[in-house]
Amino acid sequence: MKTITYKNYIAYIEPDIEDGILVGRVVNTRDIIGFHGETISEAIESFHAVIEEYLEDCKKRGLTPNKPYSGRF
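Quick note on this note's numbering: the sequence shown kicks off at 3 and runs consecutively.
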């Protein structure tokens, strides 16, 4: 499992052997945010795109995006 970060959102990427793709999920927010790609580059691009879409969607709806958890108290 590989960890990547974008705009303080942290995601894990792991292979899905059955489907032959890489799947990821954002782990430091309450919202469920997932993504995938056929290559590492595609999965990272998909992660960046899904975060941008999430932030834009929140803005359009007048909602405050769930801030990423920092792991600090």
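Yeah, the Cβ is synthetic: ideal placement off N, Cα and C, and Gly gets one too.
Classification of residue i by the beta-carbon crowding that lies within 10 angstroms, buried from 16 upward
i   : result
A13 : buried
G26 : buried
S43 : exposed
I46 : buried
I34 : exposed
V29 : exposed
Opposing strand residues paired with residue i [DSSP bridges]
i   : result
K4  : I15
F37 : G26
Rounded Cβ spacing between residue i and residue j (contact assumed at less than 8 Å)
i   : j   : result
I23 : H38 : 5 Å
The alpha helix (DSSP H) enclosing residue i, as first and last residue numbers
i   : result
R32 : Run containing R32: none; DSSP gives neither H nor E here.
L57 : 42-63
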